[in-house]
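Asks:
4 protein chains.
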Amino acid sequence: MIKVTVWNEFYHEKNNEKVRAIYPQGIHQTIADFLKCDDITVRTATLEDEQCGLTQEVLDDTDVLIWWGHVRHNDVPDEIVNRVKESVLKGMGIICLHSAHHSKIFKSLMGTTCNLSWREDGDLERVWTINPAHPIAQGVGRYFELNGVETYAEPFGIPEPDEVVFMGWYEGGEVFRTGCTFHRGNGRIFYFQPGHETFPIFHNETVQTIIRNAVRWANPVLREDALICPQVTKVHNK
Amino acid sequence: MIKVTVWNEFYHEKNNEKVRAIYPQGIHQTIADFLKCDDITVRTATLEDEQCGLTQEVLDDTDVLIWWGHVRHNDVPDEIVNRVKESVLKGMGIICLHSAHHSKIFKSLMGTTCNLSWREDGDLERVWTINPAHPIAQGVGRYFELNGVETYAEPFGIPEPDEVVFMGWYEGGEVFRTGCTFHRGNGRIFYFQPGHETFPIFHNETVQTIIRNAVRWANPVLREDALICPQVTKVHNK
Amino acid sequence: MIKVTVWNEFYHEKNNEKVRAIYPQGIHQTIADFLKCDDITVRTATLEDEQCGLTQEVLDDTDVLIWWGHVRHNDVPDEIVNRVKESVLKGMGIICLHSAHHSKIFKSLMGTTCNLSWREDGDLERVWTINPAHPIAQGVGRYFELNGVETYAEPFGIPEPDEVVFMGWYEGGEVFRTGCTFHRGNGRIFYFQPGHETFPIFHNETVQTIIRNAVRWANPVLREDALICPQVTKVHNK
Amino acid sequence: MIKVTVWNEFYHEKNNEKVRAIYPQGIHQTIADFLKCDDITVRTATLEDEQCGLTQEVLDDTDVLIWWGHVRHNDVPDEIVNRVKESVLKGMGIICLHSAHHSKIFKSLMGTTCNLSWREDGDLERVWTINPAHPIAQGVGRYFELNGVETYAEPFGIPEPDEVVFMGWYEGGEVFRTGCTFHRGNGRIFYFQPGHETFPIFHNETVQTIIRNAVRWANPVLREDALICPQVTKVHNK
Numbered sequence: 001m002i003k004v005t006v007w008n009e010f011y012h013e014k015n016n017e018k019v020r021a022i023y024p025q026g027i028h029q030t031i032a033d034f035l036k037c038d039d040i041t042v043r044t045a046t047l048e049d050e051q052c053g054l055t056q057e058v059l060d061d062t063d064v065l066i067w068w069g070h071v072r073h074n075d076v077p078d079e080i081v082n083r084v085k086e087s088v089l090k091g092m093g094i095i096c097l098h099s100a101h102h103s104k105i106f107k108s109l110m111g112t113t114c115n116l117s118w119r120e121d122g123d124l125e126r127v128w129t130i131n132p133a134h135p136i137a138q139g140v141g142r143y144f145e146l147n148g149v150e151t152y153a154e155p156f157g158i159p160e161p162d163e164v165v166f167m168g169w170y171e172g173g174e175v176f177r178t179g180c181t182f183h184r185g186n187g188r189i190f191y192f193q194p195g196h197e198t199f200p201i202f203h204n205e206t207v208q209t210i211i212r213n214a215v216r217w218a219n220p221v222l223r224e225d226a227l228i229c230p231q232v233t234k235v236h237n238k
Numbered sequence: 001m002i003k004v005t006v007w008n009e010f011y012h013e014k015n016n017e018k019v020r021a022i023y024p025q026g027i028h029q030t031i032a033d034f035l036k037c038d039d040i041t042v043r044t045a046t047l048e049d050e051q052c053g054l055t056q057e058v059l060d061d062t063d064v065l066i067w068w069g070h071v072r073h074n075d076v077p078d079e080i081v082n083r084v085k086e087s088v089l090k091g092m093g094i095i096c097l098h099s100a101h102h103s104k105i106f107k108s109l110m111g112t113t114c115n116l117s118w119r120e121d122g123d124l125e126r127v128w129t130i131n132p133a134h135p136i137a138q139g140v141g142r143y144f145e146l147n148g149v150e151t152y153a154e155p156f157g158i159p160e161p162d163e164v165v166f167m168g169w170y171e172g173g174e175v176f177r178t179g180c181t182f183h184r185g186n187g188r189i190f191y192f193q194p195g196h197e198t199f200p201i202f203h204n205e206t207v208q209t210i211i212r213n214a215v216r217w218a219n220p221v222l223r224e225d226a227l228i229c230p231q232v233t234k235v236h237n238k
Numbered sequence: 001m002i003k004v005t006v007w008n009e010f011y012h013e014k015n016n017e018k019v020r021a022i023y024p025q026g027i028h029q030t031i032a033d034f035l036k037c038d039d040i041t042v043r044t045a046t047l048e049d050e051q052c053g054l055t056q057e058v059l060d061d062t063d064v065l066i067w068w069g070h071v072r073h074n075d076v077p078d079e080i081v082n083r084v085k086e087s088v089l090k091g092m093g094i095i096c097l098h099s100a101h102h103s104k105i106f107k108s109l110m111g112t113t114c115n116l117s118w119r120e121d122g123d124l125e126r127v128w129t130i131n132p133a134h135p136i137a138q139g140v141g142r143y144f145e146l147n148g149v150e151t152y153a154e155p156f157g158i159p160e161p162d163e164v165v166f167m168g169w170y171e172g173g174e175v176f177r178t179g180c181t182f183h184r185g186n187g188r189i190f191y192f193q194p195g196h197e198t199f200p201i202f203h204n205e206t207v208q209t210i211i212r213n214a215v216r217w218a219n220p221v222l223r224e225d226a227l228i229c230p231q232v233t234k235v236h237n238k
Numbered sequence: 001m002i003k004v005t006v007w008n009e010f011y012h013e014k015n016n017e018k019v020r021a022i023y024p025q026g027i028h029q030t031i032a033d034f035l036k037c038d039d040i041t042v043r044t045a046t047l048e049d050e051q052c053g054l055t056q057e058v059l060d061d062t063d064v065l066i067w068w069g070h071v072r073h074n075d076v077p078d079e080i081v082n083r084v085k086e087s088v089l090k091g092m093g094i095i096c097l098h099s100a101h102h103s104k105i106f107k108s109l110m111g112t113t114c115n116l117s118w119r120e121d122g123d124l125e126r127v128w129t130i131n132p133a134h135p136i137a138q139g140v141g142r143y144f145e146l147n148g149v150e151t152y153a154e155p156f157g158i159p160e161p162d163e164v165v166f167m168g169w170y171e172g173g174e175v176f177r178t179g180c181t182f183h184r185g186n187g188r189i190f191y192f193q194p195g196h197e198t199f200p201i202f203h204n205e206t207v208q209t210i211i212r213n214a215v216r217w218a219n220p221v222l223r224e225d226a227l228i229c230p231q232v233t234k235v236h237n238k
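Chains as they are written, first to last, in my numbering: chain A, 1 to 238; chain B, 1 to 238; chain C, 1 to 238; chain D, 1 to 238.
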């Protein structure tokens, strides 16, 4: 059983009617609902929960953390960010969605600006699978289309990914590395571009398939203290 | 002084009036003409030259080889391909243009199919710089446009590149890793997608800038025998 | 159930008493014996079998191919090598052991010389796990020792691996990228250095664990024709 | 002319006679002295200088920053670290030496623990060149030896490097990725393991060659604001 925690800043849904119409219980609940299945259990956590809902106990009991944030990145205390980062480096998987490219946790794991540019014109996006044998791409097909997205454009200020699984094509003329994997310490990281709050992206079945695949892919192989290893016996002193 | 050899199968230009109108002296001559400058000297070679113009002497005197081929890949003898490959592994740079993705030399260096799909509809291509600090991208800007290209589409059957410098957006809905670097042995490899024979791509100044940058980038750091290294003295036998 | 085929040139065991004493039924049989378990079935194939034991039917029924060869690489016909390569690019996993670094199939997939240097002095090797969260490293620990190996030394003429999982330290003063992963097309590739015919390496339990882990890791995610993808409908023509 | 700033915490040299004997003017001054040449100018900066000697003016006038620190990493204010990081992401090169693996700036750029283990037994180290065609390896040869070093051991908690240029072998049984390159944003990063304060590593000519090579390699190709790119005109709105 893979234990997932879905974290959401949960701000737009409470303050913007349009967003609430799409995600009445919040983006986190929509994601939790479609993820739950025979091998995945889900809990949720939000910014206004005690300790952002991310106590050490919760993190120790989480295999894969999903992160959605947008306008309140800076309200997540550094202490919480450091705690999450330590968990990732020890093995917890993390999936950062859409505007989470600018979350403290993603920027801290990447070491870069994670900048990009954007347009909010409801463009058609064609998401192309460029690594069809990747576990995260199973069931997706060669490409799929999203009618109405926020456009993100290169250059995307990230380190060279381990793998670019998906690339995005936007009607208005942009391209983007839409689905990228990284590993840092023992933890696996997936960034996925689609997911703006005013478009019903998380109701799209292919998007749901991709996030479910990513959860299984990011499930830890090893969870252990990534701290300094003990010294080693010298060969000739044995 | 960087010594460049431009190789062209030189078939379309002799057999297709439309192509001849664009490249009267052959694609190789057009490339040679725009490359020549203070720090670059250029010779050309074509399929029908003795030994395809690629004798050991020519290769030993070549710092960077540029390759253009399309319908006559299989007419290049394996012996010549192996000779070129050995030169690359020892340090000679190579730049493979457009349909050279299916040349024997490129496939042999990649170890993969190098397949892709294509349309020949004269689409607009926007070439995006995704690695702006790469030497090959200098002077290019954030993106540039080519009015009328042959469209290539992912998935492109190559190993993960060292660096994706450019990504292509096509009007009809495709994306492509348009400019990619690799190194194999001591040699540097650049693949660049634009360059179809019926579109005047090599007359475009930004394309010319990119190829000139790539020549300087691919200029060998080291040229030496990539054969088996001699055995090493054991530390404790010294 | 993962279907493994273990291929061995099976020459030393028939012609060298010392090797026969270590691997009486051949290296392939030893590997087959320790691999068989609840989720892995194994068949073997050798150079002198009809078509090297690698008919299209066998390859189509193989999830992961293990390759051991040393002095008879050139006796494997190109036609068989191409058939194996095509299977790998479509998704079949391949594990190349020790002297298989110079097999035709490994060199063809890498596109490089795959050269290295070596000493046959029975050095102690310490194999270090440098990527402890990699599936292939599970159960291995921080390092393990092999008393008596053939030493391999850098530089190893391979492309930059996707991941270096193990690095080798040799008593006499050498280092080597002892366990490396690659992917080419849909297929996953693992190269593992230990395994000389005159040392009983394949009787070592940690080596056995690593090869079993590698089989599970290399099990195909997708098997499909890696040939040219069909053209795509243009967005604006739909 | 490449403008280098050598930064040193400059603590051991003032507080430990043994270190002072090796580096009477400080490690920074030794490095500055051997670096100065026709194409390189050098300034130095230390922890106790005003703003650690790293004002915005200094950074804007620095092409490549060299960093040495050990026991006073935490005394570098976050504000200075952020300023340096921003400069690197905009294009300034940085070379982190030895115990700078645990400096705030290196950890922040890597996004990982950068942990390792160590012994201080004065082992012999053989530094192997595994990428002989890399610009940083020119003039080094296949390997060189340092008689008396602090041993570092894998696993080294860094992201997968762009290139592993050097690997270290230590007498007592350890291996280490001794020379690694990365790029983050527009900036190039080189980490180099040798350089402990109680061993006269920076007086070794091959080490000096490597650091000089690294300065030339890390010299910026592009220096520009890595902030958010302006939005792009849509193709069909032009």
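We treat Cβ as the ideally placed atom computed from N, Cα and C, and that holds for glycine. This one's a predicted model, so the numbers in the text were calculated from it and none came from an experiment.
With 8 Å set as the bound, which would you pick, yes or no: does the beta-carbon of Pro135/A sit closer than that to a beta-carbon of chain C?
Replies: yes
Asks: Enumerated in chain order, which unbroken segments of the alpha helix (DSSP H) with a length of 4 residues or greater are wholly contained in the region 125 to 210 of chain B?
Replies: none
Asks: Would you say Met110/B lies against chain A (beta-carbon separation less than 8 Å)?
Replies: no
Asks: Leaving out the 5 sequence neighbours to the left and right, which residues in its chain are closer than 8 Å to Glu224/A when beta-carbon positions are compared?
Replies: Lys90, Gly91 and Asn186
Asks: Which two residues bound the contiguous alpha helix (DSSP H) that contains Val88/C?
Replies: Val88/C -> alpha helix (DSSP H) spans Asp78 to Lys90.
Asks: For the region 170 to 194 of chain B, which residues have a CB atom closer than 9 Å to at least one CB atom of chain A, in sequence order?
Replies: Tyr170, Glu171, Gly173, Glu174, Val175, Phe176 and Arg177
Asks: Rounded to whole angstroms, what's the CA-CA distance from Asn15/C to Asp49/C? Just pull it up for me.
Replies: 17 Å
Asks: Within 8 Å (strictly less), CB to CB, does Pro159/D reach chain C?
Replies: False, the Cβ-Cβ gap to chain C never drops below 8 Å.
Asks: From Gln138/C to Pro132/C, what distance separates their C-alpha atoms?
Replies: 7 Å
Asks: Does any residue of chain D bring its CB to less than 8 Å from the CB of Arg126/C?
Replies: yes
Asks: Using the beta-carbon of each residue, which ones in chain C are nearer than 9 Å to Gln138/A?
Replies: Under the 9 Å cutoff, chain C gives Val221 and Leu222.
Asks: What in chain C is Cβ-close to Pro132/D, meaning under 9 Å?
Replies: Correct list: Pro155.
Asks: DSSP state of Glu13/D, grouped into three classes?
Replies: Note: Glu13/D maps to helix in three-state DSSP.
Asks: Once you ignore the five residues that flank Tyr191/C on each side, which residues in its own chain have a CB closer than 6 Å to its CB?
Replies: Its chain contains Cys96 and Cys180 as the residues whose beta carbon lies nearer than 6 Å to that of Tyr191/C, once the 5 sequence neighbours on both sides are disregarded; these appear in chain order.
Asks: Around the Cβ of His203/C, are there at least 16 other Cβ atoms within 10 angstroms (buried) or fewer (exposed)?
Replies: exposed
Asks: Determine the extent of the alpha helix (DSSP H) in which Thr30/A is found, giving its start and end residues.
Replies: Its alpha helix (DSSP H) spans residues Ile27 to Leu35.
Asks: So Gly69/C contacts chain A; which residues on that side make the cut at Cβ distance below 8 Å?
Replies: Correct list: empty, because the minimum Cβ distance to chain A is about 26 Å.
Asks: Less than 8 Å between CB atoms is the rule here; does Lys14/D satisfy it with respect to chain A?
Replies: no
Asks: Nearest-angstrom Cα distance between His134/C and Trp217/C?
Replies: 9 Å
Asks: For the region 81 to 104 of chain D, which residues have a beta carbon sitting closer than 7 Å to at least one beta carbon of chain G?
Replies: Of the protein chains in the structure, A, B, C and D, none is chain G.
Asks: For Gly172/C, does the count of other Cβ atoms within 10 angstroms reach 16, so buried, or fall short, so exposed?
Replies: buried
Asks: Closer than 7 Å by C-beta to Thr206/B: which residues in its own chain qualify, once you throw out the five before and the five after it? Chain order, please.
Replies: Val140 and Phe144
Asks: How many whole angstroms separate the CB atoms of Thr44/B and His28/B, which I take to be in contact at a CB cut-off of 8 Å?
Replies: 4 Å
Asks: Which class does Lys104/B belong to by DSSP, given the choice of helix, strand or coil?
Replies: helix
Asks: Could one say the Cβ of Val215/D lies closer than 8 Å to chain B's Cβ atoms, at least one of them?
Replies: The beta carbon of Val215/D does not come within 8 Å of any beta carbon belonging to chain B, so the residue lies off that interface.
Asks: Using a Cβ-Cβ distance cut-off of 8 Å, determine whether Val76/A contacts chain C.
Replies: no
Asks: How close, in whole Å, do the beta carbons of Val242/C and Lys104/C come, if the pair is a contact with beta carbons under 8 Å?
Replies: Only positions 1 to 238 of chain C appear in the structure, and residue 242/C is not among them; the question remains open.
Asks: Residues of the region 38 to 65 of chain D in Cβ contact with chain B at a cutoff of 9 Å, in chain order, please.
Replies: none
Asks: Between which residues of its own chain and Val175/D is the CB-CB distance below 8 Å, once the five residues before and five after are set aside?
Replies: Closer than 8 Å at the Cβ level, and outside the excluded window around Val175/D, lie Ala153, Glu154, Met167, Gly168 and Trp169.
Asks: Phe5/B and Leu47/B: beta carbons closer than 8 Å?
Replies: The question names Phe, but residue 5/B is Thr in the sequence shown. In this structure, Leu47/B does not lie closer than 8 Å to Thr5/B by Cβ.
Asks: Could you compute how far the alpha carbon of Arg212/C sits from the alpha carbon of His101/C?
Replies: 19 Å
Asks: Counting contacts by CB-CB distance shorter than 8 Å, is Gln200/D in contact with chain A?
Replies: Before going on, a small fix: residue 200/D reads as Pro here, not Gln. Not closer than 8 Å to any Cβ of chain A, the Cβ of Pro200/D fails to qualify, so no.
Asks: Does Thr129/D have its Cβ less than 8 Å from a Cβ in chain C?
Replies: yes
Asks: Leaving aside the five residues before and after Asp61/C along the sequence, list all residues of the same chain whose C-beta is less than 7 Å from its C-beta, in chain order.
Replies: Lys3
Asks: Distance cutoff 8 Å, beta carbons only. Does Val164/A sit that close to anything in chain D?
Replies: no
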